[in-house]
Amino acid sequence: MGSRLLREIAKEVLGEERARSIWSRIDVIGDIAVIKRPLRDAPSLEEYRLIAEKILERMPYIRSVWLQTGSVEGDFRLRGGLVHLAGERRTVTIYREHGCSFKVDIARVFVTPRLNYEHLRVARLVRPGEAVLNMFAGAGILSIVIAKLAKPSIVYSIDINPAAYELMKENVKLNRVEDVVKPLLGDAAEVVYRGLRKSSDRVLMPLPALALKYMDAALAALRGGRGWLHVYLHVERVKGSGHLEKAVSAVKARVEELGWGLAAARARVVRSVGPRLVQVVVDAEVEEAGH
Ligand SMILES: C[S@@+](CC[C@H](N)C(=O)[O-])C[C@H]1O[C@@H](n2cnc3c(N)ncnc32)[C@H](O)[C@@H]1O
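Residue numbers for the sequence shown follow this note's numbering, so the first one is 1 and each next one is one higher.
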């Protein structure tokens, strides 16, 4: 598998001890590899270039290697400070997941292979005929996986980044889901209040920075006074399952503040996003008071 090879390459260049800090920080997205620079004890640019050359040599399906010197930044959640290391100087590629193909641009749209399982997990929860709203859809990956793997009647797919919206439109065609996935450009709350009130059975909120803030719009989008929310949050890791409880409490408090209640909730860790921070998703079944 690719990850074993990446580990070997990192070891050859950096030695066993130093390799540890980098090999798990390499993302392969289509035919592009991105190496994320650690905050401490980062290899030199020369060492990175050597690793990049070896990646191209030993992993022929990789054509371009980049170093990511910053974190994922800004409203559009883009990889900061990309430096070209080796191979083609290209940021556009075709990324594949769950039998779907996506045109992505690693410099202009959020994309990570680390949500691969989460996409499948959510798609499996969608019941036939459901109307789904994805408030922060990026290039449409999760929306399209849902359209392909489940049988929703519609997936409203909003993103505020024009580049993401353009790629999403292309990806909808590429995967032949024009009848199901509806790309929408704009601020998620504005788009909901303008035309998607009481439109959906399930709302996805895969943007931790705005998930709680935009909860009013998510609830306004639900029809029939009930539905499911998938709320992604960043929470501090604590011993045991304390971070999961913390995430559920935060969602519960916000939902109740808005006059709704939690009928059911469960949480799971999606991935680690920092030394002490984890991304958690809360799957919450909510109902409006009086329903
Ligand atoms: C973490 S990414 C989405 C990830 C995507 N669901 C996936 O799995 O590939 C968050 C997205 O939210 C978008 N975004 C940020 N603020 C927004 C807003 N106010 N309304 C709609 N989309 C927004 C960003 O442009 C970005 O593409």
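Ideal Cβ positions, reconstructed from N, Cα and C, are used throughout, including at glycine.
Report all residues from its chain with a CB closer than 8 Å to the CB of residue i; omit the five preceding and five following residues, and keep chain order.
{"i": "Arg49", "result": "Leu85, Ala86"}
{"i": "Pro162", "result": "Leu185"}
{"i": "Ala217", "result": "Met135, Ala188, Ala189, Val192, Tyr193"}
{"i": "Leu15", "result": "Rather than Leu, the amino acid found at residue 15 in this sequence is Gly. Counting only Cβ-Cβ distances below 8 Å, and skipping sequence neighbours, we find nothing."}
Tell me which same chain residues have a C-beta within less than 7 Å of the C-beta of residue i, skipping the five on either side of it?
{"i": "Val177", "result": "Ile144, Ala147, Lys148"}
{"i": "Ser157", "result": "Asn134, Ala137, Gly140, Ser143, Met168, Val181, Lys182, Pro183, Leu184"}
Rounded to whole angstroms, what's the CA-CA distance from residue i to residue j? Just pull it up for me.
{"i": "Lys103", "j": "Thr93", "result": "6 Å"}
{"i": "Ser241", "j": "Tyr232", "result": "16 Å"}
{"i": "Gly140", "j": "Leu78", "result": "15 Å"}
{"i": "Ala112", "j": "Val155", "result": "Per the sequence presented here, residue 112 reads as Thr, with Ala not at that position. Cα to Cα, Thr112 sits roughly 21 Å from Val155."}
{"i": "Gly80", "j": "Gly227", "result": "36 Å"}
{"i": "Ala284", "j": "Arg266", "result": "7 Å"}
{"i": "Ser199", "j": "Pro60", "result": "46 Å"}
{"i": "Glu256", "j": "Asp27", "result": "39 Å"}
{"i": "Ala10", "j": "Gly70", "result": "20 Å"}
{"i": "Ala289", "j": "Ala247", "result": "22 Å"}
{"i": "Ala52", "j": "Pro183", "result": "36 Å"}
{"i": "Arg127", "j": "Val282", "result": "18 Å"}
{"i": "Asp187", "j": "Asp159", "result": "7 Å"}
{"i": "Pro208", "j": "Glu88", "result": "33 Å"}
{"i": "His230", "j": "Leu210", "result": "13 Å"}
{"i": "Pro206", "j": "Leu115", "result": "10 Å"}
{"i": "Glu8", "j": "Leu56", "result": "14 Å"}
{"i": "Tyr214", "j": "Ala220", "result": "10 Å"}
{"i": "Arg124", "j": "Ser249", "result": "25 Å"}
{"i": "Arg121", "j": "Gly261", "result": "24 Å"}
{"i": "Ile62", "j": "Ile106", "result": "14 Å"}
With a threshold of 6 Å on Cβ separation, who are the neighbours of residue i within its own chain once the five nearest residues in sequence on each side are excluded?
{"i": "Ser357", "result": "In the structure as shown, the chain begins at 1 and stops at 291. Residue 357 is therefore absent and cannot be evaluated."}
{"i": "Arg237", "result": "His243, Arg276, Val278"}
{"i": "Glu118", "result": "Val270"}
{"i": "Ala164", "result": "Val109, Gly138, Ala139"}
I believe residue i touches residue j by the beta-carbon criterion, under 8 Å. Please report the beta-carbon distance rounded to the nearest angstrom.
{"i": "Glu47", "j": "Val83", "result": "The pair is not a contact, with the Cβ atoms about 13 Å apart (cut-off 8 Å)."}
{"i": "Glu251", "j": "Arg268", "result": "One detail in the question is off: residue 251 reads as Val in this sequence, not Glu. Their Cβ separation, rounded to whole angstroms, is 13 Å, which puts Val251 and Arg268 out of contact at 8 Å."}
{"i": "Val273", "j": "His234", "result": "6 Å"}
Measuring only between beta-carbons, confirm whether residue i sits less than 8 Å from chain C.
{"i": "Val270", "result": "The structure shown contains no chain C; it is built from a single protein chain."}
Just list the alpha helix (DSSP H) runs in the stretch 197-255, keeping only unbroken ones of 4 residues or longer that don't cross its boundaries, in chain order. Complete alpha helix (DSSP H) runs here, min 4: 215-221.
Unbroken alpha helix (DSSP H) runs of length 4 or more, entirely within the stretch 127-209: which are they? As far as the stretch 127-209 is concerned, its whole alpha helix (DSSP H) runs of at least 4 residues are 141-149, 162-174, 188-191.
Where are the beta strand (DSSP E) runs, 3 residues long or more, that stay fully inside the stretch 37-89, in chain order? DSSP runs (the beta strand (DSSP E)) wholly in the stretch 37-89: 64-68, 82-87.
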